[in-house]
Amino acid sequence: MKRPFVDLGACTLCMGCVEVCPEVFSQSDVGFIVVADLDDYPQACVNEAIKYCPEDAIGWEEAYVCIRVGR
Ligand code: SF4
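Numbering (the numbering used here), first residue to last: -12 to 58.
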């Protein structure tokens, strides 16, 4: 599964992604952009935020699920 990420070092807090795709991107209490924890991300919406971001700070990354195999 893929999930969006935000490069916080590049983000200038313009709030574009929050306006375009609020179900995924929001501003945390301490001021940086956070990605919601969802089982399924709305691709069109995230891709719109990627296009909109003036700093190219948003992308997709592969999300790995950790499965613990017990003894
Ligand atoms: S659109 Fe890009 S620069 Fe603007 S707040 Fe979102 S991640 Fe940061």
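Ideal Cβ positions, reconstructed from N, Cα and C, are used throughout, including at glycine. Every value quoted in this text rests on a predicted model; they were computed, and no experiment measured them.
Proximity to residue i [Cα-Cα], best of the options
| i | options | result |
| --- | --- | --- |
| A31 | P9, S13, I20 | P9 |
| Y28 | C(-2), P41, E49 | E49 |
| I37 | F12, V17, D26 | F12 |
As assigned by DSSP and simplified to three states, the class of residue i
| i | result |
| --- | --- |
| V7 | helix |
| E42 | coil |
| V52 | coil |
| V22 | strand |
| V(-7) | strand |
Alpha carbon of residue i to alpha carbon of residue j, nearest angstrom
| i | j | result |
| --- | --- | --- |
| V(-7) | C40 | 10 Å |
| D26 | G57 | 24 Å |
| F19 | G(-4) | 10 Å |
Touching by the beta-carbon criterion (3+ pairs, under 8 Å), the segment 51 to 58 and the segment -7 to 5: For the pair of segments examined, the segment 51 to 58 was found not to touch the segment -7 to 5: the number of CB pairs separated by less than 8 Å stays below three.
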